[in-house]
Amino acid sequence: MTPAEFFRRTALPRREARLLLQHISGYTAAECLTRDGEALADGQAEALSALAARRLAGEPLAYIVGWREFYGRRLAVSPATLIPRPETEHLVDEVLARLPPSGSVWDLGTGSGALAVSIALERPDADVFASDISEAALAVARQNAQDWGAAVAFAAGSWFAAMPSESGGRRRFDILVSNPPYIEAGDAHLRQGDLRFEPQNALTDFSDGLSCIRTLAAGAAAWLKPGGWLLVEHGCNQGEACRRIFAGNGWQEIATLPDLAGLDRITLGRL
């Protein structure tokens, strides 16, 4: 089978078909065009057809090829991690805008490490710490940090329990940031598209979608320096509820910021 024949036969969108071909053959995007009449090497045609079948069955393309682009970099992903999404890049921007020189950041629930790795690479002067309850997710995050040479320290644990004890007293940060599970239990989106394959405990709190945000808003102040910030990503219909939660926990300068689609996406507050 040649690439041209594969493109003619497959029901996949052209971009997805090309990415699978590149993944199997090692071709560049240009070679997918210039070598489209050459027969694929032994075994590649069968492997390509098998990957196409997985994608047509709904499996996320990112899990099939093992990466997703985020903040201009290819980051490894696995079924143990969420697939980083473009709207979360805005969270990186907002952290960078508030991070002082040689500042410190804790990314809680890091998953693939997309936030922590991106922040560390954009600000090599920063002290970046990241945690997750999932050891499998942390393995992917560590791989991404190693692959990109990002200076990130990692630890396992649920929210604030992940912070190791220090002899000099409680460690404090300039910024705490999180993209927590915020989809409400029973939401129809959990049964649609890529979300069907992603780790459910990283998508939903199995409650009203706000319990993790309540935990973060209630506990973050104890880990922040004076004037420090808490930033959380949330659902597009949760901005008002998040502002109430922040206000109820004494945060100041509370605001909800939209994503590029104009939808509520980030709520932040200052200590």
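Numbering (UniProt numbering), first residue to last: 1 to 271. Built from N, CA and C at the ideal position, the CB exists for glycine as well. Since the structure is predicted, the reported quantities are computational estimates derived from the model, not experimental observations.
Look at residue 221 here: in three-state DSSP terms it is helix. DSSP places residue 3 in the uninterrupted alpha helix (DSSP H) bounded by 3-9.
For residue 211, the secondary structure class from DSSP, reduced to helix, strand or coil, is helix.
Ranked by Cα distance from residue 254, the first of 246, 194 and 12 is 246. Secondary structure at residue 76: strand, using DSSP grouped into helix, strand and coil. CA-CA distance, residue 67 to residue 88, rounds to 16 angstroms.
For residue 252, the three-state secondary structure derived from DSSP is strand.
Closest by C-alpha distance to residue 156, out of 259, 178 and 130, is 130. For the pair residue 174 and residue 118, the CB atoms are not nearer than the 8 angstroms cut-off. With a 10 Å radius around the Cβ and a threshold of 16 neighbouring Cβ atoms, residue 94 comes out buried. Here the stretch 140-153 makes no contact with the stretch 170-187; the two share fewer than three CB pairs at distances below 8 angstroms. Every unbroken stretch of the alpha helix (DSSP H) spanning 4 or more residues and falling wholly within the stretch 32-71 is given here in chain order: 44-56 and 61-65. 8 angstroms or more divides the Cβ of residue 107 from the Cβ of residue 99.
Between residue 201 and residue 91, the CB-CB gap reaches or exceeds 8 angstroms. Rounded to the nearest whole angstrom, the C-alpha separation of residue 182 and residue 64 is 25 angstroms. A check of alpha carbon separations from residue 236 across 211, 184 and 230 identifies 184 as the nearest.
Under DSSP, the beta-bridge partners assigned to residue 266 are 233 and 257. In this structure, the alpha-carbon of residue 38 lies about 22 angstroms from that of residue 53. The beta carbon of residue 140 lies closer than 6 angstroms to those of 76, 78, 81 and 112 in the same chain, with the five residues before and after it left out.
Around the C-beta of residue 84, 16 or more other C-beta atoms lie within 10 Å, and the residue is accordingly described as buried.
Under the DSSP assignment, residue 148 falls outside any beta strand (DSSP E), being part of the alpha helix (DSSP H) whose first and last residues are 135-148. When secondary structure is reduced to three states using DSSP, residue 130 falls in the strand class. According to DSSP, residue pairing for residue 206 in a beta bridge does not occur. Following the DSSP letters along the chain, one finds residue 108 inside the beta strand (DSSP E) bounded by residues 104-108. Taken through DSSP and simplified to helix, strand or coil, residue 93 comes out as helix. Residue pairing from DSSP leaves residue 161 without any beta-bridge partner.
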